[in-house]
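Residue numbers (our numbering): 637 to 762. Glycine included, C-beta positions come from ideal geometry on N, C-alpha and C. The structure displayed is predicted, hence computed values, not measured ones. Right, one structure below, let's go through it.
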């Protein structure tokens, strides 16, 4: 299978030249998602917990469009604007979406554009 674009109105439209997700057959890769309301295009929340929920809901919509869910995720990459300050609140929300065995995860501090968190995932088909 050649790679196939994943597109859904339930996640924010790309703000540049990239896809919401790519399905390779065995794996689904998502773009880095921010805390954007797909209906309005506005950033949601001013704290990392609220923004993390919106980001994970956006990622869940892309996964659902591919017939997957968070149980299929094998790798998570997270960028936090304020790593030390916000990690605990981010991780608390993260645990609402993921269960053991947890995916592998990389969390880094990044200079983000007017948001507190951006996340992308890799999911594997069973």
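Query                                                                                                                : Result
Sequence-distant residues of its chain with Cβ nearer than 7 Å to residue 712 (five each side left out)              : 739, 741, 755, 757
Stretch-stretch touch, CB-based, cutoff 8 Å, three pairs: the segment 694 to 705 with the segment 659 to 671         : yes
Between the CA atoms of residue 640 and residue 660 - distance to the nearest angstrom                               : 6 Å
Own chain partners of residue 691 with C-beta closer than 6 Å, once the 5 adjacent residues on each side are dropped : 669, 671, 753, 755
Same chain, Cβ closer than 8 Å to residue 704, five either side skipped, listed in chain order                       : 664, 759, 761
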